[in-house]
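Student:
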Amino acid sequence: MKTKRSLLLSLVLLLAIIAQAGSVTGKLVDSKTKAGLDYVNVVLFNATTNKMVKGASTASGGNFNFLNIPMGKYLLKATFVGYSQLELPIIIDAKRPELTLGSIALTENSHNLKEVKIEGQKSQMRFEIDRKVFNVDQNLAAAGASASEILKNIPSVQVDVEGNVSLRNDQNVTIWINGRPSGLSADNQAQILQQMPAESIERIEVITNPSSKFSPDGSAGIINIVLKKDRKAGYYGSVSVGGDTFKGINSAFNINYTSPKWDAYANVGFRKNEFKMWSDGNRNTWKPNGDTTNLVTDNNSKMGGYGVFSRAGVTYHADDKNDIGVSGMFMTSDRYNRSNVAYESHLNEVLNNQYSRYSDGDGNHGMFNAMLDYTHKFNQKGHEIRSTVEYNGMNFGNNSTMYQMDAVHNTITNPVLTQWINSDNKRREVEVQMDYTYPINENSKLEAGYKGEFNKRSSPTSAELQTLLVTRKPQYELNNEYSGRDNRNSLYITYAGKISKLSYQAGLRGEYNVMKNTAVNYDKYNNDSTTTFNKTYPGIYPSLFVNYTLGNGNELQLNYTRRINRPNGRIMNPYRNVSDSLNISYGNPNLTPEYSNSLELNHIKTWENHSLSSSIYYRNTSDVIQSVSYVEYINNKSVKFSTSQNITNSQAAGCEFILKDRFMKFIDVTSTLNMFYNQLDGFTYADTYYKGTESFAWNARMMVNMGLPGGLMGQLTGGYQSKRNIVQGESLPSWDMDAGLRKTFFNRKFIVNVMVRDLLNSRKNRVRTWGSNYNDYTVSQFGGRMFGINLTYNFGSQSLQKKKPTKQRENGDTDIMNGNDM
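Residue 925, in my numbering, is where the sequence shown stops; the numbers in between run on with no holes.
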């Protein structure tokens, strides 16, 4: 009985303490422009003990919010590079439990320290409940670059020489633009990201374990590219132009307009570039009769072209409760690819053949996107419904001519054979989405929604051949007509709540996915055969997030999600790519999806000038899809075939540390260390058993921003990737470094960026693979060291006229209730 009374008394005291808790809200603005300051470090100290109580960064618009603060006296400190530190005494008592500070001005503090001019710059990393956010609009090394090159400097993200993106060493990652797929898929995202100008990007959001509100595609998570859309009163814009030592030229024009009734923006960019790529290969093969062959290849390629990327949008604020928006995006480019591969074949270490293959390809790539959205806000704050309709279209046409020469017929005017291959890829998508948010009370909310995705694609391919003995004629056996439909309907529901320092979110998503694919192939006599591979993927995808505030700048988060990686049309199409007759790839229509269960534990610690994010993650995956290879002898030549296969199951675990430091107010350092372990169960392929493998690998990256004499801002970025195991082989270590300088003139209206990418000329890809009768070593490099310069001029009225403030998402404690919605 005594124990029960003690528990009851403790509960009453706890409730009394909670009941006496208060809150602090406010907004940090620039003292001159009155514009809200994003990403300012705000820390609340106990005035008596001088211990930190809570810390956060301001949200978009400069808003901050601290909840559940005990009654007492406090000191509010705000620090931001380029501004004087703010210290503000505050009191929370029974008369003022909910303290509203309003707008608080920070004074710019540009001064000289031994001729080092200090200028304000946004923090390049911040945390939200379900993602890490990296601000890249001031990434000096990426001036005049593409989205692909921006991603290379994002912690946990890797981009290979072909533009394929990986997250935590996993290529099953979904890439969005402004919170939506926007037509990007595994078939086209490399080309689109290489064409998208870095100047149009504001930030990159990395969501390693998305909740049930989001599509479960991509076992590694989501990378969301958020494009710039300034919301300054009046009009504001910029013009930029640049060039580099790869014959690259880039230019961009941006303009934004804001009024109480209208928000509008437009952006158009032009890029022309040229890249060189080389690769050297060495393959040893053992014949059944005991002979050994050695194939040495030397590939030199040149690729480039020009393209235009544009986007525009307008939002009409009909009244306080209704917003209507229309936006669009358009990209077109002409690309070329010229490659020359020289072959040397040795039999039992004796040279027995020399020949070469020259390829000349041209392509027209186009992508367009249009979206209509409507938002209705109810009387209760946060109670709203949003609906969107989106249309995406993509056209990718390629025409290639290939000439094969030998020692006698050694020019493209007199080749042994000539081959022509033409393809025309098209994709059309319609997406319909509706999201409903209902705040039940101050500490809980309910979200529910529907999404319909209806996709159609086709990719016909035709080939022709001419040899010394035969005039030009159709090569029917290489013709292919591939088409497919992919329709998906999804429903989701999530519930989020908060009890004192504990926040949580539970969600469930149900999907029904129907894929219908048809591939028509032909034999050399033009007899056709049709392969139909229809797939149905119903699925339930739960998620759970739990967040706990420990105090003194410490946050803990535990989350779990179930995800899927669906095979796309490219790797399912049985068509054989023979652009290199000794390395042939083809798709597998029998592929099934991968399913993953992902668990992640995160800890965030914040100090006044430092922050540390630590993550431990685990993922198990069934029916792993991997690229596999085998070698056969055709016409006494060693030919390597590659395809994709559901081979086995895997487990992966790792830990990641991101440390953000600010030293002496003019040096800002972001350091990342990611260590991961992977276990792949044994499997049999092409009558060969491959035993299970275990591998441990790690990568590290550091970005340093610093103030330099003469008002310069400098940036240095470097990274290292250790050796890691892949199916049937290993990828060897690699390292890289980029650098940049920025100088501003005329009150920051004119900006000069100078940069060098791959400073050490070390960004190379080295891979070893092997099978039952061969081993292969390849080293390649895309691009190499490059110097560039970019000039930007900012203009606009930047009017300070009064306008109705945009409702911003409040951000104080790292709170599941304040998660970013898409």
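Ideal Cβ placement from N, Cα and C applies to all residues, glycine included.
What is the rounded straight-line gap between the Cα of SER497 and the Cα of ASN467?
Tutor: Counting from one through the sequence shown, the residue named residue 497 turns up at place 394. Counting from one through the sequence shown, the residue named residue 467 turns up at place 364. Looking at the sequence shown, residue 497 is not Ser but Met. For MET497 and ASN467, the distance between alpha carbons rounds to 11 Å.
Student: Give me the Cα-Cα distance between GLU201 and ILE328, rounded to the nearest whole angstrom.
Tutor: On the sequence shown, residue 201 is found 98 positions in, with the first residue counted as 1. On the sequence shown, residue 328 is found 225 positions in, with the first residue counted as 1. Approximately 36 Å, taken between the alpha carbons.
Student: Return the chain-ordered list of same chain residues with a C-beta closer than 6 Å to the C-beta of VAL623, the five sequence neighbours on each side being excluded.
Tutor: Here residue 623 corresponds to residue number 520 of the sequence shown, with the count starting at 1. Taken in chain order, the residues that qualify are GLU584, ASP631, THR633.
Student: Assign ASP841 to buried or exposed, taking buried as 16 or more other Cβ atoms, counted over all protein chains shown, within 10 Å of its Cβ.
Tutor: Position 738 of the sequence shown holds residue 841. With 16 or more Cβ atoms within 10 Å of its Cβ, ASP841 is classed as buried.
Student: Throw me the rounded Cβ distance for the ALA250 and ALA301 pair, which I believe falls under 8 Å.
Tutor: If you number the sequence shown from 1, residue 250 lands on position 147. If you number the sequence shown from 1, residue 301 lands on position 198. So it is a contact: roughly 6 Å between Cβ atoms.
Student: Can you give me the C-alpha to C-alpha distance between GLY282 and ARG666, rounded to a whole angstrom?
Tutor: The sequence position of residue 282 within the sequence shown is 179, counting from 1. The sequence position of residue 666 within the sequence shown is 563, counting from 1. In a straight line, the C-alpha of GLY282 is about 18 Å away from that of ARG666.
Student: Tell whether a beta-carbon distance below 9 Å holds between ASN357 and SER341.
Tutor: Looking up residue 357 in the sequence shown gives position 254. Looking up residue 341 in the sequence shown gives position 238. Closer than 9 Å, so yes.
Student: Are the CB atoms of ASN802 and GLN818 within a distance shorter than 9 Å?
Tutor: As a working note, residue 818 is residue 715 in the sequence shown. As a working note, residue 802 is residue 699 in the sequence shown. Their beta carbons are not under 9 Å apart, which means GLN818 does not touch ASN802 by this criterion.
Student: Less than 6 Å between C-beta atoms, sequence neighbours within five positions excluded: which residues of the same chain meet that for GLU218?
Tutor: The residue labelled residue 218 in the question sits at position 115 within the sequence shown. Its pLDDT being 35, under 50, GLU218 is placed unreliably in this model, and the coordinates cannot settle the point.
Student: Starting from the C-beta of ASN876, find all residues in its chain whose C-beta is less than 7 Å away, skip the five residues before and the five after it, and write them out in chain order.
Tutor: Here the question's residue 876 lines up with position 773 in the sequence shown. Contacts found: THR388, TRP389, VAL734.
Student: For MET689, tell me which candidate among ARG199, SER732, SER865, ASN443 has the shortest Cα-Cα distance.
Tutor: As a first step, residue 689 is located in the sequence shown; it is residue number 586 there, counting from the start. It should be noted that the sequence gives Tyr, not Met, for residue 689. Closest by alpha carbon: SER732.
Student: Which residues in the same chain as ASN525 place their Cβ atom closer than 6 Å to its Cβ, once the five residues preceding and following it in sequence are excluded?
Tutor: Working through the sequence shown from its first residue, we reach residue 525 at position 422. Cβ within range, chain order: ASN502, SER565.
Student: Unbroken beta strand (DSSP E) runs of length 3 or more, entirely within the region 641–729: which are they?
Tutor: Listed in chain order, they are 657–668, 679–683, 686–689, 697–709.
Student: Buried or exposed for ASN643, please, with buried defined as at least 16 other CB atoms from any protein chain shown within 10 angstroms of its CB.
Tutor: As a first step, residue 643 is located in the sequence shown; it is residue number 540 there, counting from the start. As written in the sequence, residue 643 is Ile, which differs from the Asn given in the question. Looking at its Cβ environment, which holds fewer than 16 other Cβ atoms inside 10 Å, ILE643 is exposed.
Student: Helix, strand or coil for ASP916 per DSSP?
Tutor: Along the sequence shown, read from residue 1 onward, the residue named residue 916 stands at position 813. At ASP916, the pLDDT of 31 sits below 50, so the modelled position is not reliable; the number obtained from the coordinates is stated separately. Reduced to three states, the DSSP call for ASP916 is coil.
Student: Give every residue of the same chain whose Cβ lies closer than 6 Å to the Cβ of LYS529, excluding the five residues on either side of it in the sequence, and list them in chain order.
Tutor: One-based indexing of the sequence shown puts residue 529 at position 426. ASN498, SER561, listed in sequence order.
Student: Report yes if the CB atom of THR597 is closer than 9 Å to the CB atom of ASN616, and no otherwise.
Tutor: For the purposes of this step, residue 597 is taken as residue 494 along the sequence shown, with counting starting at 1. For the purposes of this step, residue 616 is taken as residue 513 along the sequence shown, with counting starting at 1. Their beta carbons are not under 9 Å apart, which means THR597 does not touch ASN616 by this criterion.
Student: Quick one: give me the first and last residue of the beta strand (DSSP E) that ALA159 is part of.
Tutor: As a first step, residue 159 is located in the sequence shown; it is residue number 56 there, counting from the start. From DSSP, the beta strand (DSSP E) with ALA159 extends over 155–160.
Student: Distance check for ASN403 and SER883, CA to CA, integer angstroms please.
Tutor: Translated into positions along the sequence shown, residue 883 becomes position 780. Translated into positions along the sequence shown, residue 403 becomes position 300. Distance between the alpha carbons of SER883 and ASN403: 10 Å.
Student: Would you report the Cα separation of SER747 and SER730, rounded to the nearest angstrom?
Tutor: Locating residue 747 in the sequence shown gives position 644, counting from the first residue. Locating residue 730 in the sequence shown gives position 627, counting from the first residue. Distance between the alpha carbons of SER747 and SER730: 4 Å.
Student: Can you check which of these residues, LYS619, PHE849, SER490, ILE194, is closest to ASN425 by C-alpha distance?
Tutor: Counting from 1 along the sequence shown, the entry for residue 425 is found at position 322. Taking only the C-alpha atoms, the option nearest ASN425 is SER490.
Student: So within the region 744–828, which uninterrupted beta strand (DSSP E) runs reach at least 3 residues, ignoring any that extend past its ends?
Tutor: Listed in chain order, they are 770–783, 786–788, 791–793, 796–811, 815–824.
Student: Helix, strand or coil for ALA250, going by three-state DSSP, please let me know.
Tutor: Your numbering for residue 250 matches position 147 in the sequence shown. Correct three-state label for ALA250: helix.
Student: How about GLU487 and ALA473: do their beta carbons lie closer than 9 Å?
Tutor: Against the sequence shown, residue 487 aligns to sequence position 384. Against the sequence shown, residue 473 aligns to sequence position 370. Cβ atoms of GLU487 and ALA473: not closer than 9 Å.
Student: Can you have a look at PRO363 and say buried or exposed, based on whether 16 or more other CB atoms are within 10 angstroms of its CB?
Tutor: Here residue 363 refers to the residue found at position 260 when the sequence shown is read from its first residue. PRO363 comes out exposed.
Student: Can the beta-carbon of THR396 be found closer than 9 Å to that of ASP383?
Tutor: Against the sequence shown, residue 396 aligns to sequence position 293. Against the sequence shown, residue 383 aligns to sequence position 280. Contact: no.
Student: Put MET104 into one of helix, strand or coil per three-state DSSP.
Tutor: On the sequence shown, residue 104 is found 1 positions in, with the first residue counted as 1. Note that MET104 scores 47 on pLDDT, short of 50, meaning its location in the model is unreliable; the coordinates nonetheless yield the value given after this. Coil.
Student: So, at 7 Å on beta carbons, what are the nonlocal neighbours of LEU450 in its own chain, with the 5 sequence-adjacent residues on each side left out?
Tutor: Looking up residue 450 in the sequence shown gives position 347. Cβ neighbours of LEU450 beyond the five flanking positions: ASP394, THR396.
Student: Figure out for me which residue from ASN455, GLN536, MET537, GLU580 has the closest Cα to the Cα of ASN629.
Tutor: For the purposes of this step, residue 629 is taken as the residue at position 526 of the sequence shown. With distances taken between Cα atoms, ASN629 lies closest to GLU580.
Student: Could you work out which residue in TRP838, LYS255, PRO319 is closest to ASN592 when comparing CA atoms only?
Tutor: Taking the first residue of the sequence shown as position 1, residue 592 is located at position 489. ASN592 has its Cα closest to that of PRO319, out of TRP838, LYS255, PRO319.
Student: Tell me which residues share the same chain as TYR896 and place their Cβ nearer than 6 Å to its Cβ, disregarding the 5 neighbours each side in the sequence.
Tutor: By one-based count along the sequence shown, residue 896 stands at place 793. So the list reads VAL342, PHE853, once near-sequence residues are dropped.
Student: Look up ILE221 in the DSSP assignment and say whether it is helix, strand or coil.
Tutor: Along the sequence shown, read from residue 1 onward, the residue named residue 221 stands at position 118. Here the model assigns ILE221 a pLDDT of 34, short of 50, so the residue's position is not dependable and the matter cannot be decided.
Student: Is the beta carbon of LYS559 sitting closer than 9 Å to the one on GLY587?
Tutor: The count along the sequence shown starts at 1 and reaches residue 559 at position 456. The count along the sequence shown starts at 1 and reaches residue 587 at position 484. The answer is yes: Cβ separation under 9 Å.
Student: With LYS180 as the anchor, note down where its beta strand (DSSP E) starts and where it stops.
Tutor: As a position in the sequence shown, residue 180 is number 77, starting the count at 1. 175–182 is the extent of the beta strand (DSSP E) around LYS180.
Student: Here's a check: name, in chain order, each residue in its chain whose Cβ is nearer than 6 Å to the Cβ of LEU863, leaving out the five neighbours to either side.
Tutor: By 1-based counting over the sequence shown, the position of residue 863 is 760. Counting only Cβ-Cβ distances below 6 Å, and skipping sequence neighbours, we find MET840.
Student: Confirm, please, whether the CB-CB distance from SER430 to ALA415 is below 9 Å.
Tutor: In the sequence shown, residue 415 corresponds to position 312, counting from 1. In the sequence shown, residue 430 corresponds to position 327, counting from 1. Result yes, Cβ atoms of ALA415 and SER430 sit closer than 9 Å.
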